[in-house]
Every structure is written in structure tokens, then in C-alpha cells.
Amino acid sequence: MTAAAFDWEALRARAREAMSHAYAPYSGFPVGVAALVDDGRTVTGCNVENASYGLGLCAECGLVSHLQATGGGRLTHFTCVDGRGELLVPCGRCRQLLYEFGGADLLLDTPAGVLPLSEMLPQAFGPGHLRPGSPGPRPAHPGSP
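Counting from 108, one number per residue, gives the positions in the sequence shown under my numbering.
Structural data, given as C-alpha cells:
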């Protein structure tokens with residue numbers, strides 16, 4: 108499915124719905140995200156803050172948890188909105204997280220238009236950079252880049 112043929116507004120509506128469940132009492136900056144999965148499902152997430160500020164979770168963390176909890180798969184289209192429902196771009200940490208579950212071709216809905224993740228996170232580090240047999244966790248989902 109091309110970016111032009113995709114219903115981005117429907118995905119934004121799901122992100123706005125998720126944003127309405129955000130827990131952001133400290134920053135007052137709720138965020139919601141939504142993504143299409145390669146099997147047709149839509150997964151969502153919202154940010155969850157904590158009184159110990161460093162423990163807050165970005166909305167993208169909730170999204171990939173939702174993805175894995177509902178069967179895994181690969182993200183194909185992604186959008187992120189703020190408390191006014193306006194488009195945001197993911198922070199650098201979250202771009203790296205999205206790369207793990209969507210790869211370079213994941214399409215991001217941005218204020219500058221639809222862009223592949225490869226343009227938002229050039230020369231990304233991913234599972235393919237880890238040598239087989241090296242210590243540490245390995246990706247548990249099929250289709251890792």
C-alpha cells in the first residue's frame with residue numbers, strides 16, 4: 108500500500124484516542140501513537156509519566172508492548188500526536204525503538220509529510236549489526252531487519 112493510498116487520518120484518529128489515555132501529570136504533555144501492523148491490525152500507545160522523571164515511558168514504548176502482546180509482527184505505518192492532536196515526530200530513542208519493529212521502510216506521518224524511517228534515522232543500528240553467537244539478547248520476532 109502506498110503512502111498516498113493509505114488513510115492517514117484514520118490512523119491519526121486512533122493516535123488521538125490513545126493520547127486521551129496518557130498519564131502526563133508532570134509535564135502536561137500527553138502523547139498518543141498508532142501504527143498499522145503488516146497483518147492489518149492497528150496498535151496504539153500513550154505516554155506514562157512517573158514522579159521519578161527518568162522512569163516515564165514514551166508512547167512508542169507502549170505501542171511496541173501492545174504489538175508484542177497481541178502477536179508481534181512488523182510495523183508498516185506510524186503516526187504520533189500531541190495533546191492538541193497535532194503531529195509530532197518521535198524522539199531519537201523512539202526512532203531506534205521503531206526501527207527494531209518496523210525497519211528502514213516504516214512510513215512515518217510527520218509535519219513535513221510522510222517519510223520512511225530511513226530518512227529520520229539514517230545509518231541506523233539494528234539487529235543485523237550484532238554477530239550471530241554474540242552475548243546478549245536476540246530479537247524474538249520474525250522479520251527483524
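Just so it is clear, CB atoms sit at the ideal spot from N, CA and C, and this is done for glycine as well.
| task | With residue 208 as the anchor, note down where its alpha helix (DSSP H) starts and where it stops. | result | Residue 208 -> alpha helix (DSSP H) spans 199 to 209.
| message | Going by the DSSP bridge assignment, what does residue 161 pair with across the sheet? | response | Answer is none; residue 161 lacks a bridge partner.
| Could you give the C-beta distance for residue 209 and residue 181, rounded to a whole number, given that I count them as a contact under 8 Å? | 6 Å
| What are the boundary residues of the beta strand (DSSP E) that residue 214 is part of? | 214 to 217
| query | Based on Cα-Cα distance, which residue from 226, 185, 217, 230 lies nearest to residue 144? | reply | 185
| query | Are the beta-carbon atoms belonging to residue 205 and residue 194 less than 8 Å from one another? | reply | No.
| query | Quick one: what does DSSP say residue 178 is sitting in, helix, strand or coil? | reply | coil
| task | Can you check DSSP and say which residues form a bridge with residue 150? | result | 142
| Extent of the continuous beta strand (DSSP E) to which residue 222 belongs | Following the DSSP letters along the chain, one finds residue 222 inside the beta strand (DSSP E) bounded by residues 220 to 223.
| request: Compute the beta-carbon to beta-carbon distance between residue 139 and residue 188, rounded to the nearest angstrom, for a pair I have assumed lies under 8 Å. | output: Under the criterion of beta carbons closer than 8 Å, residue 139 and residue 188 qualify as touching, at roughly 5 Å.
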